[in-house]
Amino acid sequence: MMTTNLNQESEISTFQTSDQIETTLRVQTEVLKSIHDFLYRKSLIQLMPVILSPITDPLCHPVYNTQIDYLGQKFQLTKSMIFHKQIAIATLDVNGIYIMSPNIRLELSDLKCSGKHLTEFTQLDIELKGATAREFMSLTEELMIHIFRRVEKFCHDEFPDIKVPRKPFSIYNSWDLREEYGNEFGSEISSLEDDLFWITDFEREFYDKEDPDRKGHYINYDLYYPEGFGEALSGGERDYEYETLVRKIKERNQDCNHFEPYLRFAKQGKLVPSAGGGLGIERLIRFLTKKKHIREISLFPKVPGEKIEF
Ligand code: ASN
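Just so we're aligned: 152 in our numbering is position 162 of the sequence shown, and the numbers increase by one with no gaps anywhere.
This is the structure in structure tokens:
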């Protein structure tokens, strides 16, 4: 027999669809198709996502723990597939891989109003064997141009103002920008620019390659959107030698035990040079459709600090 729970019924629903969500999802469908077409043509191999693993990205900013104890083993939900990407590229006889990778990052609630953070999102994660930063950046520029062209062509009626970016994108160094704009240089310069651009050389996670000739500098990059929309992609060339990885983990006061299977693989000399990055899909759709808050591009948004209904 069906019973009615009056308390539940009288609760205010937080499930609201934004205006024209269908149009936004149509853009997303075009974007996903264009990504697969482009990477297929470049002969990259698609892997399925890993969501549960004993190891995941430590990230370079604080988030809540997602540890799950299951049948005597401890797992985390994927924050990014960086280690799996490095292991995959070293194991497979391929030039490059990609994954449409769901990430769970239980961000602190102060990011509720950033407009660009979701606790559950998807990134297009790419890794290229033996590639330099420049080679990865060039591929990414071609990919973005391909995506924007397709949306311009197929969604013209709804979004007549799509501006296809031009190659090569401008490149700024984070040290110069910090000197000019202070610590919030990323959002400052994003507001000033009118086309996609790169920022290079960030001190962050241990797996991004440190410049062997300039300690404290890194061969890594972030791709940024203009008009204040902020970061699109982050990545870098990778460190892969066991001693270097262990030194950098210790320098960051992290615990080598948290990365044990990955470090064991590295100790056996099995990791190889690579470069890659992760492109946030929801942020890309937000930029293309010019939505104020990232919540507006998802049917089931998970915004830090907001009640999750579905
Ligand atoms: N996916 C990024 C990378 O490949 C890492 C991240 O998302 N934190 O470098």
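For each residue, glycine too, the CB sits at the ideal point set by N, CA and C.
Buried versus exposed, by CB contacts within 10 Å (16 or more), F300: exposed
Give the straight-line distance between the Cα atoms of I271 and N163, rounded to the nearest whole angstrom. About 25 Å.
Among the candidates S288, F149, F192 and L289, whose CA atom is the shortest distance from the CA of S224? F192
Who does Q66 pair with in a DSSP beta bridge? According to DSSP, which records beta bridges pairwise, Q66 is partnered with S43.
Looking at the unbroken beta strand (DSSP E) that takes in I89, where does it start and where does it end? G86 to I94
Under 8 Å, with one C-beta from each stretch per pair, do the stretch 79 to 98 and the stretch 113 to 122 reach the 3-pair mark? Inter-segment contact for the stretch 79 to 98 and the stretch 113 to 122 is present: three or more beta-carbon pairs are separated by less than 8 Å.
Output the residue ranges of the beta strand (DSSP E) runs that lie fully inside the stretch 196 to 256 and measure 3 residues or longer, sorted by chain position. 210 to 215 and 220 to 227
Report back the beta-carbon spacing between I152 and L278 to the nearest angstrom; my notes put them in contact at under 8 Å. Contact flag correct, Cβ pair sits at about 7 Å.
Return the bridge partner residues of Q113 from the DSSP annotation. S91 and G270
Starting from S160, trace the beta strand (DSSP E) in both directions and tell me its first and last residue. S160 to N163
I161 versus L98, L82, A123 and I137, residue with shortest Cα-Cα distance: The shortest Cα separation from I161 among L98, L82, A123 and I137 belongs to A123.
Bridge-paired residues (DSSP) for V53: E97
Segment contact flag, the stretch 91 to 103 with the stretch 234 to 254, C-beta cutoff 8 Å, min 3 pairs: No: fewer than three Cβ pairs fall under 8 Å.
Consider the C-beta atom of D47 and the heavy atoms of the ligand ASN; say whether any pair is separated by less than 7 Å. A heavy atom of the ligand ASN is found nearer than 7 Å to the CB of D47.
At a cut of 8 Å, does the stretch 16 to 24 reach the stretch 49 to 68 through at least three beta carbon pairs? no
When you measure from the CB of S70 to every non-hydrogen atom of the ligand ASN, does any distance come out below 7 Å? yes
For the beta strand (DSSP E) containing T301, name the first residue and the last one. With the chain represented from -9 up to 300, any question about residue 301 goes unanswered, as that position is not in the structure.
D60 - partner residues in DSSP beta bridges: Per the sequence shown, the amino acid found at residue 60 is Tyr instead of Asp. BP columns for Y60 point to Q63.
Please work out which residues of its chain come closer than 6 Å, Cβ to Cβ, to E227, disregarding the five sequence neighbours upstream and downstream, and give them in chain order. Leaving aside the five residues that flank E227 on each side, the residues in its chain whose CB is nearer than 6 Å to its CB run, in chain order, A123, K199, I209 and A265.
Go ahead and pull the three-state DSSP assignment for K292. coil
Taking the C-alpha atoms as reference points, what is the distance between E174 and F126? 26 Å
Measure the Cβ-Cβ separation of L42 and E195 and say whether it is below 8 Å. no
Measuring only from the beta carbon, is G266 closer than 7 Å to any heavy atom that is part of the ligand ASN? yes
Closest Cα partner of D166 within the set D203, I179 and V154: Selected option, being the one with the closest Cα: I179.
Compute the minimum distance between the beta carbon of G225 and the heavy atoms of the ligand ASN, and state whether it is under 7 Å. The ligand ASN approaches G225 closely enough that one of its heavy atoms is under 7 Å from the residue's Cβ.
The ligand ASN heavy atom lying under 7 Å from the CB of Q113: yes
Can you tell me whether T81 is buried or exposed? The criterion is at least 16 other CB atoms within 10 Å of its CB, across all chains shown. exposed
How many Å lie between D245 and I239 at the Cα? 7 Å
For F159 versus F187, is the C-beta distance shorter than 8 Å? Contact flag set, yes.
Express the C-alpha separation of A222 and Y214 in angstroms, rounding to a whole number. 5 Å
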